[in-house]
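Chemist:
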Amino acid sequence: MRSEYDLIVIGAGPAGQAAAISGCQNSLSVLVLDELAGPGGQIYRSVESAHPDDSRFLGPDYLYGKSLAKAFRQSEADYITHAAVWEISRDSTLCYSHNGVSKQVAGKRILIASGAMERPVAVPGWTLPGVMGAGAADVLFKTAGIVPSGRVVFCGGGPLLLLVASHFVNMGVNVAAVLETVRPVQYLQALKHLPEALKAADYLFKGLKMRMALIRSHVPTFQNVRQVRIQGDEQVRQITFNSLGRNRQVSADTLLLHDGVIPHTQLTRQLECDHLWNPIQRYWHPRIDQWGESSVTGIFAAGDTACVHGAIIAEIQGRLAALEIACQLGKLSRKDRDRTAAPLRRKLKREMSVRPFLEHLFQPNHEFLAPSNGQTLVCRCEEITADQIRHAVSSGCRNTNQVKAQTRCGMGPCQGRMCSLTTAEIIAHERQADAGTVGAYRVRPPVKPIPLNELADLEMVT
Ligand SMILES: Cc1cc2nc3c(=O)[nH]c(=O)nc-3n(C[C@H](O)[C@H](O)[C@H](O)COP(=O)(O)OP(=O)(O)OC[C@H]3O[C@@H](n4cnc5c(N)ncnc54)[C@H](O)[C@@H]3O)c2cc1C
């Protein structure tokens, strides 16, 4: 291991692995750091060690991750697993925690490929045992082969909800109901993007296949779901809701909530990169150029961190960023960079064609964005409710950082990852402003919780 690399990549998902492979092919010295136990990221999590039966359920999209991981392992990149990056400096040194020891390493360029997380769904009862994210259930299956027992109910919207529900149905999990919150107007808004989406029709066919799996298994699916209430004392027991104007209820032992995924922006925020607000998907993402370079020179972002576009686009963006970095460091001429990038850009254009359709169809649910029930817990770490945030706004707080200072909302160990967007939406709702104008929490290192002794014993770059 060196003390300085040409390129340090944070994240060994599709974006990070592709960048490392391409970087090595272009004579860059590359270090990849990831907090997981193996390469794959979210979509190909544990792909190297997955049991063949489990891989069969997850399908060919998942198995593709094996060939990517093989190419990554065969590249000359140094790769450290269980390495959580908790600070990046503008001079391109970064700190990471590995096996209880924090170390510093320097890179001439840094690529943040830290992916995305599920959007937290703050509804009354979301903190009850038995309630978790559909993506989190997917993670449990990929890492430990575990699926929930008893009656499992899915609630929310988005491709990942349908994907996990269809996987579970195929595995014989007792999926008792799927409650879809997509509103009819979203279908209409998406419809005008359908002709463009047909250029990548395979995505639409995959979506239809997921739906067919649910229909074939006679899973009750409720449309246009509103007013979701989770009931239970020590554990989720029942979900009440309104579907197409009728009040209904279903019993559940496990409730899997999902309302799309949002970029991990802790590192780009900590670096104070410029961020843009996506008004359809209602999240922040770093502003990058066509090669992935952010507003901070030498800092790049690729994949879902840069904007949630899925695994194939993440891979392409990783390769494009590596080409530009090789060019900036004199390992590749501009002509060769552009020649190699041209087919990638054509593929990128095709893959992008389906995104407006998906983004409009699966817009986040307004009921979940800013919970009207004042007792709903928004900040799980500091136990701050929606009413406490509203009270802070009525007493004069105008943005997320002022609310944070007044209430401690976002000051817990997750550093506001879970409550940042909900807090912004509540403030915006109270002020009748757009959430994009009320800002996000200021992020300070360490972006991952580390013990003080690790900080004191930090091994500096020599
Ligand atoms: C829970 C979940 C499950 C998903 N499952 C699927 C699926 O089955 N199919 C599908 O098509 N899409 C799935 N997605 C969408 C998925 O995010 C993308 O399709 C794809 O994985 C994005 O690739 P990426 O390389 O940008 O990021 P990711 O694949 O998310 O990889 C990011 C990597 O960065 C690492 N990382 C993050 N922060 C740090 C840090 N501070 N220090 C060190 N390492 C860090 C993570 O451990 C991770 O390995 C899922 C998303 C989520 C949130």
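Here the sequence shown stands for residues 1233 to 1694, numbered as in my numbering. Glycine residues also receive a C-beta, built at the ideal position from the N, C-alpha and C atoms.
(1) I'd like to know whether the C-beta atoms of Ala1543 and Pro1246 end up nearer to each other than 7 Å.
(2) Determine, using beta carbons only, whether Met1442 and Ser1483 come nearer to each other than 7 Å.
(3) Within 10 angstroms of the Cβ of Phe1454, are there 16 or more other Cβ atoms? Answer buried if so, exposed if not.
(4) Please state whether DSSP places Met1349 in a helix, a strand or coil.
(5) Look up Met1364 in the DSSP assignment and say whether it is helix, strand or coil.
(6) Using a Cβ-Cβ cutoff of less than 8 Å, which residues in the same chain neighbour Val1333 once the five nearest sequence positions on both sides are dropped?
(7) Does the Cβ of Asp1536 have 16 or more other Cβ atoms within 10 Å, making it buried, or fewer, making it exposed?
(8) List the endpoints of the continuous alpha helix (DSSP H) containing Gln1257.
(9) Could you pull the DSSP bridge partners for Gly1389 from this structure?
(10) In or out: Lys1581 buried (at least 16 other Cβ within 10 Å) or exposed?
(11) Per DSSP, Tyr1328 is paired with what?
(12) Check each candidate in Ala1660, Ser1321 and Ser1329 and name the one with the smallest Cα separation from His1598.
(13) Comparing the CB of Glu1350 with every heavy atom of ligand 1, is any distance shorter than 6 Å?
(14) Output the boundary residues of the alpha helix (DSSP H) element that contains Thr1639.
(15) Is any heavy atom in ligand 1 found nearer than 6 Å to the beta carbon of Gln1274?
(16) Buried or exposed for Glu1412, going by 16 or more other Cβ atoms inside 10 Å?
(17) Is the closest heavy atom of ligand 1 to the C-beta of Ile1545 under 6 Å?
(18) Determine the DSSP secondary structure at Val1264, reduced to helix, strand or coil.
(19) Thinking C-alpha only, which one of Ala1553, Asp1568 and Gln1620 is nearest Ile1253?
(20) Suppose you measure from the CA of Gly1671 to the CA of Gln1257; what does that come to, to the nearest Å?
(21) When every heavy atom of ligand 1 is checked, does at least one fall within less than 6 Å of the C-beta of Asp1568?
(22) Is Glu1319 near ligand 1 - that is, is its Cβ less than 6 Å away from at least one heavy atom of it?
(23) What ranges does the alpha helix (DSSP H) occupy inside the segment 1652-1676, keeping only unbroken runs of at least 4 residues that lie completely in it?
(24) Can you tell me where the alpha helix (DSSP H) holding His1592 begins and where it ends?
(25) Got a sec, what are the start and stop residues for the alpha helix (DSSP H) Tyr1296 sits in?
(26) What runs of the beta strand (DSSP E), each 3 residues or longer, lie entirely inside the segment 1519-1599?
(27) Where does Asn1685 sit, in a helix, a strand or coil, going by DSSP?
(28) Would DSSP call Leu1239 helix, strand or coil?
(29) When you compare only the Cα positions, how much space is there between Glu1547 and Val1410?
(30) Give me the residue from Thr1375, Ala1376, Gly1347 and Gly1388 with the minimum Cα distance to Ala1366.
(31) If you run the structure through DSSP and keep just helix, strand and coil, what is Asp1310?
(32) Could you tell me whether the segment 1508-1516 touches the segment 1317-1332, where touching means 3 or more Cβ pairs closer than 8 Å?
(33) Please report how far the alpha carbon of Pro1222 lies from the alpha carbon of Ala1429, in whole angstroms.
(34) Under a Cβ-count criterion, where at least 16 other Cβ atoms within 10 Å of its own Cβ denotes burial, should Ala1282 be classed as buried or exposed?
(35) Return the first residue and the last residue of the beta strand (DSSP E) that Ile1462 is part of.
(36) Hey, would you say Ala1309 sits closer than 7 Å to Val1363, going by beta carbons?
Modeler: Result, derived from the coordinates:
(1) The residue given as residue 1543 occupies position 311 in the sequence shown. The residue given as residue 1246 occupies position 14 in the sequence shown. Their beta carbons are under 7 Å apart, which means Ala1543 touches Pro1246 by this criterion.
(2) For the purposes of this step, residue 1442 is identified with residue 210 of the sequence shown, where counting begins at 1. For the purposes of this step, residue 1483 is identified with residue 251 of the sequence shown, where counting begins at 1. The answer is no: Cβ separation not under 7 Å.
(3) The residue labelled residue 1454 in the question sits at position 222 within the sequence shown. So Phe1454 ends up on the buried side.
(4) The residue labelled residue 1349 in the question sits at position 117 within the sequence shown. Correct three-state label for Met1349: strand.
(5) Numbered from its first residue, the sequence shown carries residue 1364 at position 132. Met1364 falls in the strand class under three-state DSSP.
(6) By 1-based counting over the sequence shown, the position of residue 1333 is 101. So the qualifying residues of the chain are Glu1686, Asp1689 and Glu1691.
(7) Sequence index remark: in the sequence shown, residue 1536 carries index 304 (1-based). Answer is buried; the Cβ neighbour count reaches 16.
(8) As a first step, residue 1257 is located in the sequence shown; it is residue number 25 there, counting from the start. Segment Pro1246 to Gln1257, the alpha helix (DSSP H) holding Gln1257.
(9) Indexing the sequence shown from 1 puts residue 1389 at position 157. Per DSSP, Asp1491.
(10) Looking up residue 1581 in the sequence shown gives position 349. By the neighbour-count rule (16 or more Cβ atoms within 10 Å), Lys1581 is not buried but exposed.
(11) Walking along the sequence shown from the start, residue 1328 turns up at place 96. Note: Tyr1328 sits in a beta bridge opposite Val1317 and Lys1335.
(12) Here residue 1598 is taken as the residue at index 366 of the sequence shown, counted from 1. His1598 has its Cα closest to that of Ala1660, out of Ala1660, Ser1321 and Ser1329.
(13) Residue numbering aside, residue 1350 sits at position 118 when the sequence shown is read from its first letter. Correct: Glu1350 has its Cβ closer than 6 Å to ligand 1.
(14) Reading the sequence shown from its first residue, position 407 is the one you call residue 1639. Its alpha helix (DSSP H) spans residues Thr1632 to Thr1639.
(15) Position 42 of the sequence shown, counting from 1, holds the residue named residue 1274. Yes - ligand 1 has a heavy atom lying nearer than 6 Å to the Cβ of Gln1274.
(16) Along the sequence shown, read from residue 1 onward, the residue named residue 1412 stands at position 180. Per the 10 Å Cβ criterion, buried.
(17) Counted from its first residue, the sequence shown places residue 1545 at position 313. Not so, every heavy atom of ligand 1 lies at least 6 Å from the Cβ.
(18) Here residue 1264 refers to the residue found at position 32 of the sequence shown. Strand at Val1264.
(19) The count along the sequence shown starts at 1 and reaches residue 1253 at position 21. Ranking the options by Cα distance to Ile1253, first place goes to Ala1553.
(20) Position 439 of the sequence shown, counting from 1, holds the residue named residue 1671. Position 25 of the sequence shown, counting from 1, holds the residue named residue 1257. Taking the straight line joining both Cα atoms gives about 40 Å.
(21) Within the sequence shown, numbered from 1, the residue matching residue 1568 stands at position 336. No, ligand 1 has no heavy atom inside 6 Å of this Cβ.
(22) As a position in the sequence shown, residue 1319 is number 87, starting the count at 1. The answer is no for Glu1319.
(23) 1652-1663
(24) As a working mapping, residue 1592 is identified with position 360 in the sequence shown. First-last of the alpha helix (DSSP H) with His1592: Arg1587 to Leu1593.
(25) As a first step, residue 1296 must be located in the sequence shown, where it is residue number 64. Segment Pro1284 to Gln1306, the alpha helix (DSSP H) holding Tyr1296.
(26) 1531-1533
(27) Within the sequence shown, numbered from 1, the residue matching residue 1685 stands at position 453. Three-state DSSP puts Asn1685 in a helix.
(28) Your numbering for residue 1239 matches position 7 in the sequence shown. Strand.
(29) Counting from 1 along the sequence shown, the entry for residue 1547 is found at position 315. Counting from 1 along the sequence shown, the entry for residue 1410 is found at position 178. Answer to the nearest angstrom: the Cα atoms are 31 Å apart.
(30) Position 134 of the sequence shown, counting from 1, holds the residue named residue 1366. Comparing Cα-Cα distances from Ala1366 to each of Thr1375, Ala1376, Gly1347 and Gly1388, the minimum goes to Gly1388.
(31) Here residue 1310 refers to the residue found at position 78 of the sequence shown. Note: Asp1310 maps to strand in three-state DSSP.
(32) no
(33) Coverage of the chain is limited to positions 1233 through 1694, which leaves residue 1222 absent and any answer about it impossible.
(34) Numbered from its first residue, the sequence shown carries residue 1282 at position 50. So Ala1282 ends up on the buried side.
(35) As a first step, residue 1462 must be located in the sequence shown, where it is residue number 230. Element bounds for Ile1462: Val1457 to Gln1463.
(36) Stepping through the sequence shown from its first residue, residue 1309 is reached at position 77. Stepping through the sequence shown from its first residue, residue 1363 is reached at position 131. Going by C-beta atoms, Ala1309 is not nearer than 7 Å to Val1363.
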